[in-house]
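Colleague: Protein chains in written order, with our numbering: chain A, 1 to 476; chain B, 1001 to 1093; chain C, 2001 to 2489.
We treat Cβ as the ideally placed atom computed from N, Cα and C, and that holds for glycine.
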Amino acid sequence: MNFEAVIGLEIHVEQKTRSKMFSSAPDGFSHEPNTEIAPLDMGYPGTLPVINKQAVINAIRVANALHMTIDHTLYFDRKNYFYSDLPKGYQITQQNRPIGKNGYVIIETEEGSKRIGIERIHMEEDTCKQLHFLDYTLLDYNRAGVPLVEIVSLPEMHSGTEAMKYAEAIRNIVVYSGTSDGKMEEGSLRCDTNVSIRPIGQKEFGTKVEIKNINSFKNIELAIDYEIQRQSKLLLSGEPVHQETRRFDETSGRTILMRAKSDAVDYKYFCEPNLTPIKLSDGFVDEAIRTCPELFEAKKERYLKGGLSSTDAEIILSDPKMSAYFEEGGSQVVSLKDLANFLIVEINGYLNRSGKAIDEIGLKPSVLAEIVLLQEKGGLSHKQCADILAKVLENPSLTPAEAKEALHIVAQVSDTGAIMGFVNQALEANPQSIVDFKAGKDRALGFLVGQVMKLSHGKVNPAEVSRLLLEELKKR
Amino acid sequence: MDVLKDAANRLLFDMSVEQYKTLYEEFQILTKQMETIGKIEGLESYEPMTFPFDCSTSFLREDVAEEPLTRDEALRNAGNKQDNQIKLPKVVL
Amino acid sequence: MKHLDLPLLDLHQALLAKQVTPLALAEEAIKRAKANKDNAFEIIDEEGAKTFAASLGEPEADNPLWGIPYFSKDNFSTKGLETTASSNILAGYIPVFDATVIAKLKERKAVLLGKTTLDELAMGGTGTTGHKGKTYNPYDSKHEHMIGGSSCGSAAAVAASIVPFALGSDTGDSVRKPASYAGLVGMKPTWGRISRYGLFPFAPSLDHVGYFTRDVYGSAVLLDALAGRDLHDNTSSTKPVDKYEEDLNKPVKGLKVAVLKEIVDSITDRELRAHFDKSVEALKKQGVVVEYVSFSRQLLESCYATYIVISCAEATSNDANLDGIKFGPYRGGKTYQEVMYNARTQGFSELIKRRFVIGSYCLMRENQEELFLRAQRNRAKIVDEVNKILQTYDFIYVPAAPGPAPLFVQASDKLSDEYLIADNHLCLGNFAGLPSITLPLCYERGLPIGVNFMGRAFEEKKLFQISAAFERLSGLAEASALSAKEAKL
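See the structure below:
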């Protein structure tokens, strides 16, 4: 029996605004526990929420990038439950009137482009952090109240790969819109997924299993693939799939039962009485969209036009800092492709070896551009430029010109006429070598090449010299 | 009665038996009165009211971080602390 | 008579003339507070008050609150001063921020002397459910009659002439009812007129900051100081603040008043009826148009249940933060649920727990439509009807209570089938968010009874105008338990 997997993703994105969603406490600058708290964030009695404008602007931009219908009035609700990480005993969220509805994102699969529907996007606030020890838990409220954006997809994905690509597409949007760092391993992008399978052709959905605790994009694919296998095996052996919550265990590559799903919790949602509806003017919404930083897809299109391959473009775009670096340098070189090559090969190699990020290596884009120009217009070979680059990276106080000097690098003469000049000079000066060569002594050629190199102070391409010498020797 | 006890426990407290009895009586009265209200003519044509009048605004707070509480202030009232954090028995996920 | 007993305007003059100092006033007030037997105080901050009073420099001529001592209900957050909302679950809680109104009064150089008792977490109307027990009525030295609630302590402090004003809060009638029982001016402005930042929430869609004074002038100047947009409170109004004492002497001829027939007719207390009728005549003599208007009896009878459902539902959510973990006594436990459970079981009184269960039940998915949402719809209908009347009339005018303060033995916080619409109509002012003021009318067997005017949203200036006129007619400005006045109406 063949099964079809039906997958939906729920993604929570931590916004990197300067202050929190409903309070003015700083958002995410400190690593010292309990140093970024306003009274509201700890649920002190008498505190009141006030909405962060930038958080709304970011949510509008993301909703727009996802082609969603945007609600021009903000309504908030309370989601009531007790948990150790929830200081007020309720979370302020947007249950009934999410800021965005009915959107989609396009992912590239092996079968071509695919549209994944998105049900809703809404704003809410984060809970505090819990650190678990053997027999106690410690609470850090720095994170409590940080703005979150929740994006809920329709169950329209059918494989782990599709889900991973969907999540990456979401990541690209939230990162490039300036909304979030979008790092799963740091928790600024969190992904829960619902997976069910059904016999192909069946209309009813199978039993849904929730998977949590996925901490990388690759693991989304692995977790879902494993889960599909697990459920298939169960059904094939006549066992039912139970509705439950499982977590992904990276080491074993398996999903493991966390808890059986009990009846859906009743959150007793009701309208938040401390937040009157906020009317967003058309101008405000349009401005938020208009001023959105250029997104991933638009940049990629530009890079492709500049001659980059799709893969190269995506490598550069995988890190917004590198993309910004690339764009700044790109305005100063002849060909984007040349600059891209240096970034992808030499720079990335250096970053990997040194463990640094591109903004930590002390190399301005204009300086790298200078080096690229040495290749494009200065007559140096790629290798020569790479050597200069390596020297400058080692010693950032050197300019490329100084590094070139220090390495005794010289632009190669490529003009055939000029080379012939040296060739003829060498031949005139060494008539015996011509005789030797004609007598079959191959070493004579090498000697003559060496003489040409000496005459030209090594400024000529040895292979080219050899070729021209041979031609000339044939004539004589 | 069990429903009420369950509701109380979900709110993370318990009451004495007499109190549940009193509560039960109060419930009877309240439900009866709400049933009567349900019969008020034209009630369905009204939207549930949270705010007494139209007080919608367009005000949004500028995204500027302000001075937070000092750690001491934030934790001053907590009864159980360790390592600059609030301490609880191990929370089982 | 001491300076502390002067009307606010005269006291201000005395301070300007340096006939008395803020420190002397504070000391006298504290002395009276300590001697008072009505169990009205949670905490008296003698040192803090005296230090602040002594630090005030030159008196400010244009600031009638300069140097004036006051008390605040203990559900307002006061930085560095224990605030418990009269509940054991907040015993020892010391806030790290001031409520906006507290900060504003500090800026105005009023001197905070301490905090007064309330019904626990402001959820009650008898003044008996606070963790310190009953608060008594200064008009009854036998301590048999209540002062009402939930702002019992603040009412007692002003009625006993301990301070010229005290802060309270009003969610269903918690300032305006005790004001009636204590012969005071009890004011609740429009919803959003005064910032609620720092007021422990009971039911935010019904909560208002309110206060007690012994005269209308004091009430008006206090609103000058407290009203205004607060960036900490999203629901606070952006409407400009008036000079509320401007029209106190303006003639009231031509103002239109609607008396709700059903409420007045339901009052069986003949003496009260007689006084009320006399007041209507007196208003008419001033040129005020007073007409009896009908208000659906069915809707009036639905008020109490509607109020209970909405307020308890919001309250149960608001008080979910009280878990002994971040503040309040930590009671321990083997799991976090047990920690919360122990704190809440031991910290809340029985009445509060019952209210929370009711509130929670009304919000449950399967009950929300028939309970919570239905109550919210009924609120909308009631508000619609109130506003219809106020399209034609400037005010609604009714007795604030069906009689003087009940005996403790008579009253209970238990939900009852017995229904007095004259006892449960002040919540119209909370449902509709309209400004509403209680003024003393008369005495019965030495116990005060008040009347209530309710006006249109943000028309507090007009409300004070009619109140001042009424006060001149009643002759009861400055009445207190220590200083009897003759009721002229």
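Does the structure place the segment 2145 to 2156 of chain C close enough to the segment 2121 to 2135 of chain C that three or more beta carbon pairs sit under 8 Å?
Modeller: Contact holds: three or more Cβ-Cβ distances are below 8 Å.
Colleague: Taking C-beta to C-beta, are residue 2160 (chain C) and residue 2321 (chain C) nearer than 8 Å?
Modeller: Cβ distance not < 8 Å, so residue 2160 (chain C) and residue 2321 (chain C) don't count as in contact.
Colleague: From the DSSP output, which residues share a beta bridge with residue 2439 (chain C)?
Modeller: DSSP lists C:2451 as partners of residue 2439 (chain C).
Colleague: Report yes if the C-beta distance between residue 19 (chain A) and residue 40 (chain A) is below 8 Å; otherwise report no.
Modeller: Against a cut-off of 8 Å, the Cβ pair of residue 40 (chain A) and residue 19 (chain A) comes out as no contact.
Colleague: Nearest by alpha-carbon distance to residue 2087 (chain C): which of C:2134, C:2119, C:2054 is it?
Modeller: When each option's Cα is compared against that of residue 2087 (chain C), the closest is C:2119.
Colleague: What are the boundary residues of the beta strand (DSSP E) that includes residue 92 (chain A)?
Modeller: Note, residue 92 (chain A): beta strand (DSSP E), 90 to 93.
Colleague: Any chance the segment 2180 to 2187 of chain C sits against the segment 2234 to 2243 of chain C, with 3 or more Cβ pairs inside 8 Å?
Modeller: Counting Cβ pairs under 8 Å, fewer than three are found: no touch.
Colleague: Would you decide whether residue 2098 (chain C) is buried or exposed? Buried here means 16 or more other CB atoms lie within 10 Å of its CB.
Modeller: Under this definition residue 2098 (chain C) is a buried residue.
Colleague: Which of the three DSSP states is assigned to residue 285 (chain A) in this structure?
Modeller: Reduced to three states, the DSSP call for residue 285 (chain A) is helix.
Colleague: According to DSSP, is residue 194 (chain A) helix, strand or coil?
Modeller: The answer is strand: DSSP assigns residue 194 (chain A) an E or B state.
Colleague: Just how far apart, CA to CA, sit residue 2472 (chain C) and residue 2281 (chain C)?
Modeller: Taking the straight line joining both Cα atoms gives about 14 Å.
Colleague: Between which two residues does the beta strand (DSSP E) containing residue 2115 (chain C) stretch?
Modeller: Taken as a continuous stretch (DSSP letters only), the beta strand (DSSP E) holding residue 2115 (chain C) covers 2111 to 2116.
Colleague: With DSSP run on the structure shown, which of helix, strand or coil describes residue 23 (chain A)?
Modeller: Residue 23 (chain A) falls in the coil class under three-state DSSP.
Colleague: With distance defined between alpha-carbon atoms, name the residue in C:2452, C:2053, C:2073 nearest to residue 2264 (chain C).
Modeller: Ranking the options by Cα distance to residue 2264 (chain C), first place goes to C:2452.
Colleague: At a cut of 8 Å, does the segment 2050 to 2068 of chain C reach the segment 2101 to 2115 of chain C through at least three beta carbon pairs?
Modeller: Contact between the segment 2050 to 2068 of chain C and the segment 2101 to 2115 of chain C is present, because at least three Cβ pairs lie under 8 Å.
Colleague: Per the DSSP calculation, residue 2342 (chain C) is bridged to which residue(s)?
Modeller: Answer is none; residue 2342 (chain C) lacks a bridge partner.
Colleague: Does DSSP classify residue 260 (chain A) as helix, strand or coil?
Modeller: Strand at residue 260 (chain A).
Colleague: I need the boundaries of the beta strand (DSSP E) containing residue 2070 (chain C), first residue and last residue.
Modeller: Start and end: 2069 to 2073.
Colleague: What residue range does the alpha helix (DSSP H) around residue 2306 (chain C) cover?
Modeller: That run of the alpha helix (DSSP H) goes 2297 to 2318.
Colleague: Listed from N- to C-terminal order along the chain, which residues in the segment 1002 to 1017 of chain B have their beta-carbon within a distance smaller than 9 Å of any beta-carbon of chain A?
Modeller: Residues passing the 9 Å Cβ filter: 1010, 1011, 1012.
Colleague: Helix, strand or coil, according to DSSP, for residue 2488 (chain C) in the structure here?
Modeller: Note: residue 2488 (chain C) maps to coil in three-state DSSP.
Colleague: Can you tell me the Cα-Cα spacing of residue 2193 (chain C) and residue 2169 (chain C), whole angstroms?
Modeller: Cα to Cα, the separation comes out at about 13 Å.
Colleague: Using beta carbons (cut-off 8 Å, strictly below), is residue 1088 (chain B) in contact with chain A?
Modeller: It does: the Cβ of residue 1088 (chain B) has a partner Cβ on chain A nearer than 8 Å.
Colleague: For residue 44 (chain A), decide whether its Cβ has a neighbour in chain C, counting only Cβ atoms nearer than 8 Å.
Modeller: Closer than 8 Å: yes.
Colleague: Going by C-alpha to C-alpha distance, which of C:2031, C:2435, C:2416 sits closest to residue 2462 (chain C)?
Modeller: Comparing Cα-Cα distances from residue 2462 (chain C) to each of C:2031, C:2435, C:2416, the minimum goes to C:2435.
Colleague: Examine chain C for any beta-carbon lying closer than 8 Å to the beta-carbon of residue 281 (chain A), and answer yes or no.
Modeller: No, its Cβ sits nowhere closer than 8 Å to a Cβ of chain C.
Colleague: Do you know how far the Cα of residue 2304 (chain C) is from the Cα of residue 2389 (chain C)?
Modeller: Residue 2389 (chain C) and residue 2304 (chain C): Cα-Cα distance of roughly 21 Å.
Colleague: Can you tell which of C:2479, C:2138, C:2187, C:2296 has its C-alpha closest to the C-alpha of residue 2381 (chain C)?
Modeller: Cα-wise, what sits closest to residue 2381 (chain C) is C:2296.
Colleague: Does the beta carbon of residue 1027 (chain B) come closer than 8 Å to any beta carbon on chain A?
Modeller: Residue 1027 (chain B) does not count as touching chain A.
Colleague: For residue 2356 (chain C), report the span of its beta strand (DSSP E) as first-last.
Modeller: Taken as a continuous stretch (DSSP letters only), residue 2356 (chain C) belongs to no beta strand (DSSP E), being part of the alpha helix (DSSP H) at 2350 to 2363.
Colleague: Please list the partners that residue 273 (chain A) has in chain C, where partner means a Cβ-to-Cβ separation under 7 Å.
Modeller: Within chain C, the residues near residue 273 (chain A) are 2204, 2205, 2314.
Colleague: Among C:2176, C:2006, C:2195, C:2067, which residue has its Cα nearest to the Cα of residue 2024 (chain C)?
Modeller: Closest by alpha carbon: C:2067.
Colleague: Buried or exposed for residue 1063 (chain B), please, with buried defined as at least 16 other CB atoms from any protein chain shown within 10 angstroms of its CB.
Modeller: So residue 1063 (chain B) counts as buried.
Colleague: Can you name, in chain order, every residue of its own chain whose Cβ lies under 6 Å from the Cβ of residue 1023 (chain B), other than the five neighbours on each side?
Modeller: Once the five neighbours on either side are set aside, the close Cβ partners of residue 1023 (chain B) are 1004.
Colleague: Tell me the DSSP secondary structure of residue 202 (chain A) in three-state form.
Modeller: In this structure, residue 202 (chain A) counts as coil in the three-state DSSP scheme.
Colleague: In chain order, what residues of the same chain have a beta carbon less than 8 Å from the beta carbon of residue 113 (chain A), not counting five sequence neighbours either side?
Modeller: Contacts found: 106, 107.
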